[in-house]
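In terms of this note's numbering, the sequence shown opens at residue 1 and continues consecutively. The C-beta atom is built at its ideal place from N, Cα and C for all residues, glycine as well. Predicted, not measured: the structure shown is a model, and the values here were computed from it. Notes for the one structure printed next.
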Amino acid sequence: IFMGKIMDKYNRLLIRIADEYFVWKGKTENITQWKVRLIYCVLGRMALASLWDMDENGKASIVHMKKRIEEVFASYKEMYPELKAELPDKAEVIANEIYDIYLHTGIIYHEPNRILPATKSEAVVNGIKFTRGFELEVKQRMSGLGTYIKTNQDTDISLLADMFQLEMLPLRKRWEFCVSGANWTDFDTESRVEYLRTIPPFRHGYWIDKPDNSGDVSILRTNIENSSLYYLYKMENRKIQVSQLRQWEVENHNYRSFANACLFSRGKLPSTVYRYDGELVYVTFGYLPPPAELYLWKLYTWPTTVMTLPKDFTRVCNREVFEMLKYVMMQQGYIFTEEELDVKRS
1 IFMGKIMDKY
11 NRLLIRIADE
21 YFVWKGKTEN
31 ITQWKVRLIY
41 CVLGRMALAS
51 LWDMDENGKA
61 SIVHMKKRIE
71 EVFASYKEMY
81 PELKAELPDK
91 AEVIANEIYD
101 IYLHTGIIYH
111 EPNRILPATK
121 SEAVVNGIKF
131 TRGFELEVKQ
141 RMSGLGTYIK
151 TNQDTDISLL
161 ADMFQLEMLP
171 LRKRWEFCVS
181 GANWTDFDTE
191 SRVEYLRTIP
201 PFRHGYWIDK
211 PDNSGDVSIL
221 RTNIENSSLY
231 YLYKMENRKI
241 QVSQLRQWEV
251 ENHNYRSFAN
261 ACLFSRGKLP
271 STVYRYDGEL
281 VYVTFGYLPP
291 PAELYLWKLY
301 TWPTTVMTLP
311 KDFTRVCNRE
321 VFEMLKYVMM
331 QQGYIFTEEE
341 LDVKRS
């Protein structure tokens, strides 16, 4: 009865949003969290709608998109004061996050002095059609900010990889290929050096100040004036030998493609832990995937809280979408472990 009353406000607005985007409450999820997830979806859709608001020069700007998100956010915050404790004081926190996710997943792109919606594209994996650039009036489901349609079709997984620029070479082969192409030289530098942490736990960061003496190939980086150079390295006769990795392959956190592959080859890559809660799945990354994969996850999931963003390690996903993302990531070699639902939580 209580749930019915608070969801009946404003002509059952939130119920209509849930019906529109097929966003259902988790079995043990409290209603406040559900409402925040619904509003998050609406903010994403309104952000995309703002791209059609042209200024006098026929352009839509980043500032305009973020302003629209902030305006809609302020309206919902006023309409549902019971959510105050679950929403950040400053709307720009969410506006920046939504813009960042849309930009990194190709939902929007830049041209000089304006942003544009992506051209229409789709990819089907086991009956889930991942969509991008579809007209706003097309009926679609949502998980996080991402849109999809259920279908009986199926296509090659490589279409999804192309759509979101995923690296589909399995982790084991990725590392073997990387090491086999190494050109070893003696290491000599006066720069600060950090070495990839190869032994769990990883919660204290991915880099340490001591080399790995196991004899296996690993990764190091040198830091000069806010710029990093990445190398494969190995110890030979107590000396370090290195082979530089190409800058375009490692910049902007793309080194994680090699870091994940390195840890996988040693049997040290933590699994991604997930827990079912009705039609929701709670996902916790033991180690962050490379940027393209991480942003695909972020597009199709909700943060566990919007109070502090980004929330990269812990996400909430629609169950049917999670099954497809899990399938795609397992093709690369990522490991998933199901956590049983704690009876106390229910």
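Note down, one range per segment and in chain order, each beta strand (DSSP E) of at least 3 residues found wholly within the stretch 49-116. 108-111
Name the DSSP beta bridge partners of Leu146, please? The residue asked about is misnamed: residue 146 is Gly in this sequence, not Leu. Its beta-bridge partners are Ser143.
For a test of the three-state rule: what should DSSP assign to Glu167, helix, strand or coil? Three-state result, Glu167: coil.
Alpha carbon to alpha carbon, how far is Leu288 from Leu87? Give it in angstroms, no decimals. Answer to the nearest angstrom: the Cα atoms are 25 Å apart.
Is Val343 helix, strand or coil by DSSP? Reliability of the predicted coordinates at Val343 is poor, the pLDDT of 44 falling under 50, and the value obtained from them is presented with this limitation in mind. Of the three classes helix, strand and coil, the one that applies to Val343 here is coil, per DSSP.
Give me the DSSP bridge partner(s) of Arg192. Asn223
Pull the bridge partners of Val124 from the DSSP assignment, please. Lys129
Where Arg197 and Pro211 are concerned, what is the direct C-alpha to C-alpha distance, given to the nearest angstrom? Between Arg197 and Pro211, the C-alpha separation is close to 9 Å.
Suppose contacts are defined by Cβ-Cβ distances below 8 Å. Is Asn260 in contact with Pro291 by that definition? No, they are not a contact pair.
For Lys9 and Glu167, the rounded distance between their alpha carbons: 46 Å
Same chain, Cβ closer than 7 Å to Thr119, neighbours up to 5 away in sequence not counted: Gly133
Since Asp277 sits in a beta bridge, which residues does DSSP pair it with? Leu280
If you run the structure through DSSP and keep just helix, strand and coil, what is Gln332? helix
Keeping to the same chain, check which residues put their C-beta closer than 7 Å to that of Asn30; ignore five residues upstream and five downstream. none
Beta carbon of Lys35, beta carbon of Tyr80: below 8 Å? yes
Same chain only: Cβ atoms within 6 Å of Leu51, ignoring 5 sequence neighbours per side: Ala60 and Pro117
From Asn126 to Pro170, what distance separates their C-alpha atoms? 20 Å
Taking DSSP as the reference, what is the three-state secondary structure of Asn11? helix
Going by beta carbon distance, what residues of the same chain come within less than 7 Å of Ser143, once the five residues before and after it are set aside? Excluding the 5 residues flanking it on each side, Ser143 has same chain C-beta neighbours closer than 7 Å at Tyr300, Thr301, Cys317, Asn318 and Val321, in chain order.
Exposure of Pro303, with buried meaning 16 or more beta-carbon neighbours within 10 Å: buried
If you follow the beta strand (DSSP E) that Arg315 is part of, which residue opens it and which one closes it? Thr314 to Asn318
Per DSSP, what kind of secondary structure is Ile1 in: helix, strand or coil? Summary for Ile1: the model assigns pLDDT 42, below 50, so the residue's position carries little reliability; its value from the coordinates is reported in the next sentence. Looking at Ile1 - three-state DSSP - the assignment turns out to be coil, as it is neither helix nor strand.
Tell me whether Glu251 is buried or exposed, calling it buried when 16 or more other Cβ atoms sit within 10 Å of its Cβ. exposed
Could you give the distance in angstroms between the alpha-carbon of Tyr295 and the alpha-carbon of Thr105? 6 Å
Can you give the Cα-Cα distance for Leu309 and Tyr102, rounded to whole angstroms? 15 Å
Quick check: the stretch 237-251 against the stretch 261-278, are there 3 or more CB pairs under 8 Å? The stretch 237-251, when compared against the stretch 261-278, does not touch it at the 8 Å Cβ threshold.
Val242, DSSP secondary structure in three states: strand
With a threshold of 16 other CB atoms inside 10 Å of the CB of Leu48, please say whether the residue is buried or exposed. buried
Could you tell me whether the stretch 193-208 touches the stretch 135-154, using the rule of 3 or more Cβ pairs below 8 Å? Touching, no.
Cβ of Tyr233 within 8 Å of Cβ of Phe187? yes
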